[in-house]
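Per this note's numbering, the very first residue in the sequence shown carries number 61; after that it's consecutive. All C-beta atoms, glycine included, are put in the ideal place defined by N, C-alpha and C.
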Amino acid sequence: MATVAEHEFVIERGEDVWVYDSGGRRYLDGTAGLWYANAGHGRAEIADAAAAQLRKLAGYSIFGDFSNEPARALAERIAGLAPVPDAKVFLTTGGGEAIDSAVKIARRYHLAQGEPERVHVISRAQAYHGTNGIGTGVAGIEANRAGFGEMLPAASRVQYDSVEALREEILRVGPERVAAFLFEPVIGAGGVLPPPEGYIEGVVEVCHEFGVLAIADAVICGFGRLGSWFGVERWGVEPDLITFAKGVTSGYLPLGGVVVHGRVAEPFFSRPGNVFRHGPTYSGHPACCAAGLANIDVLERDGLVGRGRELEGELANVLRPLAAHPLVAEVRAGVGLLGAVELTAETRDRLPSALADLQLLARRQGVLVRPLGAALAVSPPLTVQAEQLRQIGEAFAEGLDELKLKVES
Ligand code: PLP
């Protein structure tokens with residue numbers, strides 16, 4: 061529910077890695093909004109492309125045989141970038157809708173293959189897959205699932221770092237009942253948890269072995285965050301479906317979608333009667349797609365897609381020394397332009413506001429970061445420079461020292 065808090069922190073404008081509040085103060089955007097401003101803020105060419113499309117044709121839904129040029133062009137462009145053969149692309153208005161769409165595609169695919177019992181979805185502890193019905197039902201962050209009743213009865217979760225746990229769960233449920241396994245390449249909102257070595261390759265192999273569709277959720281990890289278009293390329297795997305959102309437009313307008321492997325899409329095209337009865341009103345919205353196309357142009361032209369990988373070592377170098385601070389339990393960084401600084405349980409017990417306090421202390425030093433469970437997250441725009449990463453590290457270091465005084469007082 062939208063409420064207006066007295067202390068709301070109003071952001072008014074943005075330019076590259078900087079955002080400005082309503083008092084005109086400038087901040088380094090340490091989280092790229094909510095993990096999406098990959099191309100940076102204030103890119104006139106993305107805004108202009110969306111505005112030109114709004115003037116030409118603001119909306120025209122792509123149901124049935126209807127289509128529009130930006131939707132066609134974007135779907136084709138994304139299919140061409142995807143690390144799966146003969147990809148088809150289903151467009152949505154965001155990541156949560158992409159997750160619901162992917163799981164529904166998976167179930168309908170199995171139905172078309174004569175396996176109607178395959179409806180169960182396995183996800184990972186600590187996973188975040190959005191706020192829609194299915195995304196809530198498969199949430200691995202327990203607090204996000206609690207209090208809504210059972211949103212998706214045929215669902216279960218496994219330990220987030222064990223290939224063997226997935227295999228055991230598939231065997232427990234019965235492979236003939238499992239539709240899909242959902243995984244974020246690096247768990248984002250659940251605390252920035254990079255996969256252990258061999259994990260991504262291992263789980264995709266287990267899925268293929270049992271005919272379970274592997275759905276990579278690249279909503280955070282895509283469009284350069286891990287140094288490639290969909291994040292999964294660095295492990296050389298071929299998922300059956302890939303969900304994306306956020307960085308596809310760098311947040312200039314809402315858009316998401318699902319990349320579908322040609323083999324999984326085939327029954328929907330080749331078998332009469334196997335219609336995918338699922339069409340959100342704003343799927344393929346022309347202005348959002350125009351923003352997506354312009355954003356992809358910028359990411360390509362400015363060489364930003366590789367930045368997630370080029371900068372991951374620098375970000376890790378900046379954050380890792382913080383692990384020596386007495387209030388810090390763990391620093392996680394090293395895979396992509398993603399990091400987290402977790403406070404010790406003792407600190408959070410002694411000062412329940414510790415995370416919010418540290419966020420404010422960093423903000424006072426002109427750096428925006430966000431709380432994530434027991435940690436604060438870092439995921440700046442891909443345009444960030446090394447010295448700006450160091451500025452984030454300094455804001456943490458000084459903030460932690462001030463926080464220590466407060467914890468001890
Ligand atoms: N999947 C992942 C991995 C996410 O991080 C998010 C949002 O943060 C979503 C799905 C949901 O995306 P949206 O908020 O656009 O619905």
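beta-carbon residue i near the ligand PLP non-hydrogen atom, thresh 8 Å
{"i": "Thr303", "result": "yes"}
{"i": "Gly296", "result": "no"}
{"i": "Val279", "result": "yes"}
{"i": "His345", "result": "no"}
{"i": "Gly154", "result": "yes"}
{"i": "His385", "result": "no"}
{"i": "Gly195", "result": "yes"}
{"i": "Ile275", "result": "no"}
{"i": "Leu212", "result": "no"}
{"i": "Asn192", "result": "yes"}
{"i": "Tyr342", "result": "no"}
{"i": "Leu94", "result": "yes"}
{"i": "Tyr220", "result": "no"}
{"i": "Lys466", "result": "no"}
Straight-line gap, residue i to residue j (C-alpha atoms, nearest Å)
{"i": "Lys464", "j": "Lys148", "result": "52 Å"}
{"i": "Ala383", "j": "Thr407", "result": "14 Å"}
{"i": "Thr341", "j": "Gly193", "result": "17 Å"}
{"i": "Gln113", "j": "Val308", "result": "17 Å"}
{"i": "Ala376", "j": "Asp221", "result": "21 Å"}
{"i": "Ala274", "j": "Gly251", "result": "22 Å"}
{"i": "Tyr312", "j": "Ala351", "result": "7 Å"}
{"i": "Arg430", "j": "Lys306", "result": "17 Å"}
{"i": "Arg178", "j": "Phe270", "result": "11 Å"}
{"i": "Pro299", "j": "Gly368", "result": "21 Å"}
{"i": "Gln451", "j": "Ala162", "result": "39 Å"}
{"i": "Phe69", "j": "Val246", "result": "29 Å"}
{"i": "Ala203", "j": "Arg392", "result": "22 Å"}
{"i": "Glu210", "j": "Ala109", "result": "42 Å"}
{"i": "Leu420", "j": "His180", "result": "42 Å"}
{"i": "Tyr80", "j": "Glu244", "result": "31 Å"}
{"i": "Arg331", "j": "Ile165", "result": "15 Å"}
{"i": "Glu462", "j": "Asp277", "result": "37 Å"}
The beta strand (DSSP E) enclosing residue i, as first and last residue numbers
{"i": "Phe304", "result": "301 to 304"}
{"i": "Ala215", "result": "215 to 218"}
{"i": "Val238", "result": "238 to 243"}
{"i": "Glu75", "result": "71 to 75"}
{"i": "Pro431", "result": "430 to 432"}
{"i": "Val223", "result": "No beta strand (DSSP E) holds Val223; the alpha helix (DSSP H) holding it covers 223 to 233."}
{"i": "Arg86", "result": "86 to 89"}
Reference residue i, options the options, closest by Cα
{"i": "Glu187", "options": "Ala389, Gln173, Gly156", "result": "The amino acid occupying residue 187 in the given sequence is Ala; Glu does not appear at that position. The option with the nearest alpha carbon to Ala187 is Gly156."}
{"i": "Ile394", "options": "Leu403, Val365, Val438", "result": "It should be noted that the sequence gives Gly, not Ile, for residue 394. Closest by alpha carbon: Val438."}
{"i": "Asp362", "options": "Val246, Phe283, Arg178", "result": "Phe283"}
{"i": "Pro143", "options": "Gly287, Ile106, Val319", "result": "Val319"}
{"i": "Pro327", "options": "Arg184, Arg167, Phe304, Glu177", "result": "Arg167"}
{"i": "Leu286", "options": "Leu315, Ala107, Val365, Asp461", "result": "Val365"}
{"i": "Pro176", "options": "Ala422, Phe241, Glu236, Ser127", "result": "Glu236"}
{"i": "His345", "options": "Arg132, Val272, Val388, Arg232", "result": "Arg132"}
{"i": "Ala347", "options": "Arg73, Thr153, Asn98", "result": "Thr153"}
{"i": "Arg423", "options": "Glu454, Cys349, Gly399", "result": "Glu454"}
{"i": "Lys466", "options": "Ala414, Thr443, Ala446", "result": "Ala414"}
{"i": "Glu482", "options": "Ala435, Ala225, Arg85", "result": "There is simply no residue 482 to check, as the chain begins at 61 and stops at 469 in what is shown."}
{"i": "Glu105", "options": "Val427, Glu390, Ala354", "result": "Ala354"}
{"i": "Val360", "options": "Tyr87, Phe241, Asn98", "result": "Inspection of the sequence shows that residue 360 is occupied by Glu rather than by Val. If we check each option's Cα against that of Glu360, Asn98 comes out closest."}
{"i": "Ala172", "options": "Gly93, Asn334, Asp146", "result": "Asn334"}
Range covered by the alpha helix (DSSP H) that runs through residue i
{"i": "Ser161", "result": "155 to 172"}
{"i": "His268", "result": "259 to 270"}
{"i": "Leu463", "result": "446 to 468"}
{"i": "Asp108", "result": "104 to 116"}
heavy atom of the ligand SAM below 8 Å from residue i C-beta
{"i": "Gly200", "result": "Absence of the ligand SAM from the depicted structure is noted, with the ligand PLP being the only ligands included."}
Complete runs of the beta strand (DSSP E) confined to the segment 316 to 340 [at least 3 residues]
316 to 320
Could I get the ranges of all uninterrupted beta strand (DSSP E) runs contained in the segment 346 to 426, with 3 residues as the minimum, in chain order?
388 to 394, 396 to 403
Any alpha helix (DSSP H) of 4 or more consecutive residues that is wholly inside the segment 180 to 205
List check, alpha helix (DSSP H) in window: 193 to 197, 202 to 205.
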